[in-house]
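Undergrad: Protein chains in written order, with our numbering: chain A, 1 to 118; chain B, 1001 to 1110. Built from N, CA and C at the ideal position, the CB exists for glycine as well. Quick one: structure below, then a few questions.
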Amino acid sequence: GAVVSQHPSRVICKSGTSVKIECRSLDFQATTMFWYRQFPKQSLMLMATSNEGSKATYEQGVEKDKFLINHASLTLSTLTVTSAHPEDSSFYICSASGIGLADYNEQFFGPGTRLTVL
Amino acid sequence: GQNIDQPTEMTATEGAIVQINCTYQTSGFNGLFWYQQHAGEAPTFLSYNVLDGLEEKGRFSSFLSRSKGYSYLLLKELQMKDSASYLCAVRPYGNNRLAFGKGNQVVVIP
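What follows is the structure, encoded as structure tokens:
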């Protein structure tokens, strides 16, 4: 199956700093990548959808200036949490779909990044 | 908008069968997915239904009724490693985004 990686797997940072999370598709071209956030015992909440080479589409209530998304290539998307605060502590998961998959629309998930803001 | 509803938690014995239900109300429909998620890990794909009926995949089966906005995931011959959260997600028609339910936590006991 298709493989999606995320880096880092865990990050702890101080309040006010920025954190960058990378999402890579390893064996297919990800024309679309999705970023989710999951709080404990909650569902995955879609934050934004990014298509390669264009601006991300953010879900209602997600601040685009706080959560910067870049999808500059067909294998890499990055999420930067700017000026992180403790309430941003969460599990961030990316998924990808695209060219080279049996189902163009199927999403494959990365392993997630646990962000803790002190 | 989308509304996905799942019961929250259930306990079952090793070797048993468990059924996890999911009801949905969405603005469109282009498929329903079931994912398994272990604590602290990303979801892994289990099954996909877009037409009415039952899809069987080894110990896991998934059923869909589009007219009722209803799906279930059937787990047979439960194993301890099946202890996880099971998420249903609906893909609205015309786009690739998924709307997830809260997930159903299954705890398998010996």
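Taking only beta carbons into account, state which residues of the segment 1034 to 1048 of chain B come closer than 9 Å to chain A, listed in chain order.
TA: Cβ contacts with chain A: 1035, 1037, 1040, 1041, 1042, 1043, 1044, 1045, 1048.
Undergrad: Residue 109(A) versus chain B: which residues are under 7 Å apart at the beta carbon?
TA: Residues of chain B passing the Cβ test: 1042, 1043.
Undergrad: Can you list, in chain order, the residues of its chain whose CB lies under 6 Å from that of residue 78(A), leaving out five sequence neighbours each side?
TA: Correct list, in chain order: 20, 22, 70.
Undergrad: Please list the terminal residues of the continuous beta strand (DSSP E) segment that includes residue 12(A).
TA: Its beta strand (DSSP E) spans residues 10 to 13.
Undergrad: Bridge partners of residue 1065(B), per DSSP?
TA: According to DSSP, residue 1065(B) bridges with 1070(B).
Undergrad: Does any residue of chain A have a CB that is nearer than 9 Å to the CB of residue 1096(B)?
TA: Yes, because at least one Cβ of chain A sits closer than 9 Å to the Cβ of residue 1096(B).
Undergrad: Buried or exposed, going by whether 16 or more other CB atoms sit within 10 Å of the CB of residue 9(A)?
TA: The residue is exposed, with fewer than 16 neighbouring Cβ atoms inside 10 Å.
Undergrad: Considering only the beta carbon of each residue, do residue 1013(B) and residue 1105(B) sit closer than 9 Å?
TA: Taking 9 Å as the Cβ cut-off, residue 1013(B) and residue 1105(B) do not qualify as a contacting pair.
Undergrad: Check this for me: beta carbons of residue 74(A) and residue 59(A), under 9 Å apart or not?
TA: Their beta carbons are not under 9 Å apart, which means residue 74(A) does not touch residue 59(A) by this criterion.
Undergrad: Starting from the beta carbon of residue 1102(B), find every residue of chain A whose beta carbon is closer than 7 Å, and list them in chain order.
TA: Those within 7 Å of residue 1102(B) in chain A are 42, 43.
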